[in-house]
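>
Numbering (the numbering used here), first residue to last: 15 to 188.
(1) Locate the beta strand (DSSP E) running through residue 113, then write down its first and last residues.
(2) By Cβ distance, which residues of its chain are closer than 7 Å to residue 113, with the 5 residues on each side in sequence left out?
(3) Under 8 Å by Cβ, that's how I've got residue 130 and residue 119 pegged, so tell me the actual separation to the nearest angstrom.
(4) Would residue 84 and residue 64 qualify as a contact pair, given that the criterion is a beta-carbon distance under 8 Å?
(5) At which residue ranges does the stretch 29-115 contain complete alpha helix (DSSP H) runs of 4 or more residues, listed in the order of the chain?
(6) Quick check: what's the CA-CA separation for residue 24 versus residue 86?
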């Protein structure tokens, strides 16, 4: 900024960046309305996909709670050629829009990871994992639990939860 002979404080730069991002991306409410359009477009272009948008009515205003996505093309690919192994994990979002990304991936015949489904939730908890695993179990037709292996990096929490949902399950924790 010295070439321009002006001084910008850290606070001024932060406010300018925030204003530019808001103008570029829109408000949080505006971003939320785009989820409905995204879900409809996925259903139109990839029939058979599962899209669940969970909202919570707070003071007469819809508030984002959770969002689940399982694309039909990925689901059919997993059911048609992947090994019966699921790996579940989560990742925390930092920044303006905080949340947790829950993921389920499989292993394809070449030992590569194969995405199956994901969800965005407000926080990682037993309730959100129960919801995610329930929808996943229905989505990929897990009927005979003993035919599948689940792996996770959350040993203490996951073991009881996976045992509760999948009675005769092979489990692994890394």
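Cβ coordinates follow ideal geometry from the N, Cα and C atoms, glycine included.
From the atom records:
(1) 113-121
(2) 107, 134, 135 and 136
(3) 6 Å
(4) A contact, by the Cβ cut-off of 8 Å.
(5) 42-59 and 86-95
(6) 47 Å
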